[in-house]
Amino acid sequence: MRVGGAFAARKPGGPSTLSRSAFFERFSHAVGVPPMEYLLGWRMALAKDLLRRKEVTVAVVAEQVGYGSASTFCVAFTRHVGLPPTHFAREQGEPRHP
């Protein structure tokens with residue numbers, strides 16, 4: 016499962032007649048969040064799933080969800096989730112205490 020390479024807001028609507036600003040406005044209205052925020056959430060959800068499985072390294076997870084480096088991914092993941100990816104993965108294996 017590879018999300019792809021770098022993401023940019025160059026042509027989010029593909030070959031269409033919508034301007035970038037019109038696309039962003041319509042997307043935000045339809046989905047409830049701006050496109051890049053939606054994309055970040057989606058990438059982080061995929062990353063969490065991969066980390067829970069504990070089958071691959073953080074570097075592989077970073078690549079699979081479209082980050083160019085593990086360090087960039089770690090910063091984004093920590094900001095979004097509140098824990099570094101290694102801590103998140105470790106916590107997923109520990110039993111929860113009430």
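Note that the sequence shown covers residues 16 to 113 in the working numbering.
Quick reminder that beta carbons are idealized off the backbone N, C-alpha and C, glycines included.
Nearest to residue i (by Cα), restricted to the options the options
i, options, result
"F88", "R105, E106 and L66", "L66"
"V96", "A45, L33, D64 and Q79", "D64"
"R94", "V71, L55 and V75", "L55"
Cβ distance (whole Å) where residue i is taken to contact residue j below 8 Å
i, j, result
"G81", "R58", "6 Å"
"P50", "V73", "Wrong, their Cβ atoms sit about 26 Å apart, outside the cutoff."
Range of the contiguous alpha helix (DSSP H) that encloses residue i
i, result
"E52", "P50 to R68"
"T32", "Run containing T32: none; DSSP gives neither H nor E here."
"S86", "A85 to V96"
"V75", "V73 to Q79"
Cβ-Cβ distance between residue i and residue j below 8 Å
i, j, result
"A60", "F92", "no"
"K69", "A104", "yes"
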